[in-house]
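J.:
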Amino acid sequence: MQNLEYPDRNGGHRGEAAAPDLSELIAGGTLSFLMEAHDGLSAAIAQEAGFQGLWASGLTISSSLGYRDCNEASWSMVTAVVERIVDSGRLPVLVDGDSGFGNFNNARLLGKKIRQRGAQGLCLEDKLYPKMNSFIEGRHPLADTAEFCGRLRAVKDTTPDLVLVARTEALIANRGMDEAISRANAYAQAGADAILIHSKRRDAAEIEDFTRQWQNRLPVVIVPTTYYATPVSRFRDAGVSTIIWANQNLRAAAAAMRRACATIKLEEGVVSLEDTIASVKDLFSLMNYDELVEAERRYLS
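Throughout, this note's numbering is defined as the position within the sequence shown, counted from one, plus 117.
(1) Under a CB-based cut-off of 8 Å, is residue 295 close to chain C?
(2) Considering only the alpha carbon of each residue, which of 359, 191, 265 lies closest to residue 144?
(3) Between 261, 317, 176, which lies nearest to residue 296 when the distance is taken from Cα to Cα?
(4) Express the C-alpha separation of residue 203 and residue 404 in angstroms, rounding to a whole number.
(5) Compute the distance between the beta-carbons of residue 221 and residue 267, then report whether it is under 8 Å.
(6) Whose CA, out of 141, 238, 160, lies closest to the CA of residue 364?
(7) Could you please give the first and the last residue of the uninterrupted beta strand (DSSP E) stretch that includes residue 310?
(8) Give the single residue among 409, 248, 225, 385 whose Cα lies nearest to the Cα of residue 216.
(9) Jot down the residue ranges of each uninterrupted beta strand (DSSP E) in the region 227 to 261, minimum 3 residues, whole runs only, in chain order.
(10) Across the region 270 to 280 and the region 306 to 325, are there enough close Cβ pairs to call them in contact, namely three or more that are closer than 8 Å?
(11) Taking the continuous beta strand (DSSP E) assigned at residue 143, which residues delimit it?
(12) In terms of alpha-carbon separation, which member of 182, 232, 242, 196 lies closest to residue 301?
(13) May I ask you to verify whether the region 142 to 157 touches the region 185 to 197, counting CB pairs closer than 8 Å and requiring at least 3?
(14) Specify, as a first and last residue, the run of the alpha helix (DSSP H) that residue 409 falls within.
(15) When burial is assigned at 16 or more other CB atoms within 10 Å of the CB, is residue 351 buried or exposed?
(16) Report the residue from 304, 175, 151 whose alpha carbon sits nearest the alpha carbon of residue 166.
(17) Can you tell me the Cα-Cα spacing of residue 418 and residue 402, whole angstroms?
(18) In chain order, which beta strand (DSSP E) runs of at least 3 residues are fully inside the region 265 to 321?
(19) Could you tell me if residue 265 is buried or exposed, where buried requires 16 or more neighbouring beta carbons within 10 angstroms of its beta carbon?
(20) Which partner residues does residue 434 have in the DSSP bridge list?
(21) Could you give the DSSP three-state label for residue 186: helix, strand or coil?
(22) Using beta-carbon positions only, say whether residue 206 and residue 240 come within less than 8 Å of one another.
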């Protein structure tokens, strides 16, 4: 991967050797984990917890902006948030690019813009634009396989150093395993670096069936939102490359904010709440105010 040398808030550079490489995380041969981030703060918290990479989630970015996960937020809005996520630390970022916000031209523009902002990877799903979140009941029309392969090739031709994850929604759309495998094969030939197989079942049967048939032709990425109770050891045994925890940060934040608001409204005060929430000093630490203080000593007379 090409290293980009943009100064970050921490006084260093994004892309320095200290940052892990997304392609190594996904294709390194051991199970890796990407944590959801929807802004700079959630990204900083994930890094503090020890995660090696981030998933810039379409669902959680849209939700944090007050939009639904059906392409109501524009690609430029998403890209602006990606820049803040990248700037928050030194972790590689895989961006949830939905279906690419249009045809091959929109997809390659999206890839180019997120790479300029320091993201290392892009995930595209084989749905029509505008897409609907996979867990909403209803129709989930898929793109023509050849047309979607054109989107993948356009991204790779335009931004060859971008890690490209092709996500098939064949199981979400009830098209069956044969079509999931067929589409994954086509996407591999179109230049994808990994395949994300998505399922909304409560168990991991479809995932394990896919990995048995796929036989590691490319690294396999999964998102266990609905089958979260499956032991991680089963995914290791199945040869899964990467697990994405795709929405837990925002869901945890929403639950905590709801409790805080209810308490403050009920008690008309914050006394009982203060010891249960992050301190202001904790926020200062996460945002690295110490670096700013030190910079003031160097640069302000």
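Every residue gets a Cβ at the ideal spot worked out from N, C-alpha and C, and that includes glycine.
T.: Taking the definition as stated:
(1) In summary, chain C is missing from the structure at hand, where a single protein chain is found.
(2) 359
(3) Just measuring C-alpha positions, the residue of 261, 317, 176 sitting nearest residue 296 is 261.
(4) Approximately 13 Å, taken between the alpha carbons.
(5) yes
(6) Sorting 141, 238, 160 by C-alpha distance to the C-alpha of residue 364 places 160 at the top.
(7) Careful: residue 310 lies outside any beta strand (DSSP E) and carries neither H nor E.
(8) 248
(9) For the region 227 to 261, whole beta strand (DSSP E) runs of length 3 or above, ordered along the chain, are 238 to 242.
(10) yes
(11) Residue 143 -> not in any beta strand (DSSP E); alpha helix (DSSP H) instead, spanning 139 to 144.
(12) 242
(13) Taking a cut-off of 8 Å for Cβ pairs, the region 142 to 157 and the region 185 to 197 do not touch, as fewer than three such pairs fall below it.
(14) From DSSP, the alpha helix (DSSP H) with residue 409 extends over 406 to 416.
(15) exposed
(16) 151
(17) In a straight line, the C-alpha of residue 418 is about 25 Å away from that of residue 402.
(18) 280 to 285, 311 to 314
(19) A residue is called buried once 16 or more other Cβ atoms fall within 10 Å of its Cβ, and residue 265 is buried on that count.
(20) This structure cannot speak to residue 434, because the chain is shown only from 118 to 418.
(21) Residue state for residue 186 is assigned as coil, using DSSP reduced to three classes.
(22) no
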